[in-house]
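So the structure is just underneath, and the comments pick up after that.
Residue numbers (the numbering used here), protein chains in the order written: chain A, 233 to 612; chain B, 233 to 612.
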């Protein structure tokens, strides 16, 4: 990975969808000093519904003035950015491209309510009428009840979960490009407004506008285009049963498990080798379940990583080092490419006040309610 | 390519989007005797708008009972099926997959009018209010006027273009799975209802429901899964300026030219080596422009391939051998995978009454008004 680019996340960006994407893409190309690429893979979840615009790959190639190149769009709903990153990786790995750019862009902050469109990522044959919130709050309720049955107090659980939001906000406050740059105290998080069941506002990521891009090239050439190239050591994807209610155990993110297993194998590493983790904390319960599926906590114990401080900078496994989906923001189709840019900044030693230690990072991106999960491992 | 599957094209298929896709995918897997795959790449253009369903890759993997595999969706509007085929090719070529399945599915025939949603594949910043028909009819008008300026009669042009529709219908009549299985005489085609300018009903492909799938595996293994594996010798993609009016010469499909040049180079062949051509005859003018861009006719002369009989079975370059988009039908996100299945049937010698001679075939797929064009070359 030789180039990264992103724009600050805002509630509503005044630029058009195209101009936002072009700006992030240009920055990634300039970062590497590259003018021509072979392929562009775009990710965007809601452009057709909210801006009436399809054909996002061609739109961005045109906006960049790059004619004749390959340009396609890749989709995995809220994990689309990771799907674009994977497409770029496959393109370079297959030898089809020397330079492949992944660009994610989303413009959803000005929408009254994107909820019903986001819900189209759920199984419409069996989950019609559900939303991400109704499903995720049920998962959280089940998780809480299981823990409470084994003697944990609700207060302790609420505290554990709240730490995930507190950590994200602490990190986001130091990131000038984050959307929610405000402090969140443990007490406020624990007592935040209830959305549904045990799900509180502090458990949910915000709707916003953003765009981010990453430029990949073959490993052998990377040294010529970056003083500190970062290796994408693994890329994988796995799916689970589409309908959450049909999963054997809905509290086990089996797509996370299968995807991370493939990635660990590709990179030849184990969970112990991971120094920090850009987790898909669209909802804190999803971050907790990912920790468990990826081998960082036992089943039903992931929340303790909050209470024990594991997830904070300086902890054993820092999460969401630039604010994560919760504080940096979650412009769905672009989110994973923000994660990727942030990891590259960390591994280059360019993370400023957000810098954490380490040379191996994990990134996970979730499409729908755990249905499609992509894992990437980055190393310097 | 070791497995192919498709369902008959109908105006309205009674099956759900998922069940249509699963049926085509199962047929492709059974054709190869393969039960487990590594990756599934889905193509579908209108599911979110017409069925309220996103996440088509995961939906199909779930419908097939294949959990833990990679499943993503790839998009290039009306060329999406070719984008899924390319994704499968890159996945196998990179070594990431042993078996990769491309599945296209579209359910649009029951819609009152898909035109405004299809038009989202055009540049909404500069072509708002346009549709495929308004743009394509202007291209055709320009093409006619150029030819007439050089002394060709309008009658001669109309006859040339009409042969493209007549050929497609003749071939489609012999294909039990085609949508428009009715004969079209040259006279009827020449005098068909005017849609706009020189564009007549006989120049346009129909809206319908369909699904098709193709299974790829690494070349070395193909002999174990098929008695007559077909080699995908080249896969490429190129884009043009998004806004048709900004192209230097809108009658030169430069994305077709760039994409086919890349493909010829990959396969190490020239236009003379192509035995038949599954062309993207969504509109006859696009087929004519593709012939010119791919090196089969001089600029402004492609229509003569109709009059001269080049494009009919037994001609020098048979087109649309199972009816093409015009007669077999154009369920947009699935179309290119029908093209791929048909080429495999030809190269296997399993095309029945549609059989043409040859061992090298070209396939081209157009997204939007020539903005994104993918080329694939198949050989036995």
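All C-beta atoms in this analysis are idealised placements derived from N, C-alpha and C, irrespective of residue type, glycine included.
Comparing alpha carbon positions, the residue from B:517, B:528, B:357 and B:454 closest to residue 509 of chain B is B:528.
Three or more beta-carbon pairs drawn from the region 260-279 of chain A and the region 334-353 of chain A are found closer than 8 Å, and the two stretches are therefore classed as touching. Taking all protein chains shown into account, residue 270 of chain A has 16 or more neighbouring C-beta atoms within 10 Å of its C-beta and is therefore buried.
For residue 558 of chain A, the secondary structure class from DSSP, reduced to helix, strand or coil, is helix. The residues 448, 464 and 467, in chain order, have a CB closer than 7 Å to that of residue 321 of chain A in the same chain once the five nearest residues on each side in sequence are set aside.
Against residue 490 of chain B, the close residues of chain A are 299, 300 and 301, in the order they occur along the chain (beta-carbon pairs closer than 9 Å).
In the three-state reduction of the DSSP assignment, residue 388 of chain B falls in the helix class. Residue 562 of chain B places its beta carbon 8 Å or farther from that of residue 314 of chain B. Residue 250 of chain A places its beta carbon 8 Å or farther from that of residue 300 of chain A. Of all residues in the region 385-416 of chain A, none comes within less than 7 Å of chain B when Cβ atoms are compared. By a beta-carbon distance limit of 8 Å, residue 577 of chain A does not contact residue 411 of chain A. Their separation comes to about 17 Å. Residue 433 of chain B counts as exposed, since fewer than 16 other C-beta atoms from the protein chains shown sit within 10 angstroms of its C-beta. The beta carbon of residue 573 of chain A sits no closer than 8 Å to any beta carbon of chain B.
Taken through DSSP and simplified to helix, strand or coil, residue 262 of chain B comes out as helix. For residue 443 of chain A, the pairing in a beta bridge is given by DSSP as A:337. Cβ contact annotation for residue 260 of chain A (same chain, cutoff 7 Å, sequence separation greater than five): 235, 236, 237, 333, 445, 446 and 447, in chain order. For residue 268 of chain B, there is no enclosing beta strand (DSSP E), as DSSP marks it with neither H nor E. For residue 238 of chain A, the enclosing beta strand (DSSP E) covers residues 235-238.
Bounds of the beta strand (DSSP E) holding residue 426 of chain B are 426-428.
Residue 253 of chain A and residue 378 of chain B have their C-alpha atoms spaced approximately 38 Å apart.
In this structure, the straight-line span from the alpha carbon of residue 289 of chain A to that of residue 362 of chain B is close to 20 Å. Among the residues facing chain B, residue 463 of chain A is not included, as its CB has no counterpart in that chain under 8 Å away. Residue 429 of chain A and residue 442 of chain A have their C-alpha atoms some 30 Å from each other. A contact is defined here as three or more CB-CB pairs under 8 Å, and the region 415-423 of chain B fails this definition with respect to the region 541-555 of chain B.
Between residue 526 of chain A and chain B, the shortest Cβ-Cβ separation is not below 8 Å. For chain B, the residues of the region 263-282 of chain A that bring a beta carbon within less than 7 Å of one of its beta carbons are 280 and 281, in chain order. One thing to note: residue 593 of chain A has its Cβ within 8 Å of the Cβ of residue 610 of chain A. In the structure shown, residue 457 of chain B falls within a coil segment according to DSSP collapsed to helix, strand and coil.
Residue 241 of chain A and residue 328 of chain B have their alpha carbons spaced roughly 34 Å apart. Counting along the chain, no beta strand (DSSP E) covers residue 299 of chain B, and no H or E run does either. Distance between residue 496 of chain B and residue 266 of chain A, taken at the CA atoms: about 27 Å. Apart from sequence neighbours up to five positions away, the residues of its chain that approach residue 358 of chain A with a beta-carbon distance below 7 Å are 475, ordered along the chain. Take the alpha-carbon of residue 590 of chain B and the one of residue 456 of chain B: they are about 24 Å apart. The beta carbon of residue 492 of chain A is closer than 6 Å to those of 526 and 607 in its chain, skipping five residues each way along the sequence. Counting along the chain, the unbroken alpha helix (DSSP H) around residue 349 of chain A starts and ends at 347-350. Think of a sphere of 8 Å around the beta carbon of residue 291 of chain A: the chain B residues whose beta carbon falls inside it are 355 and 474, in chain order.
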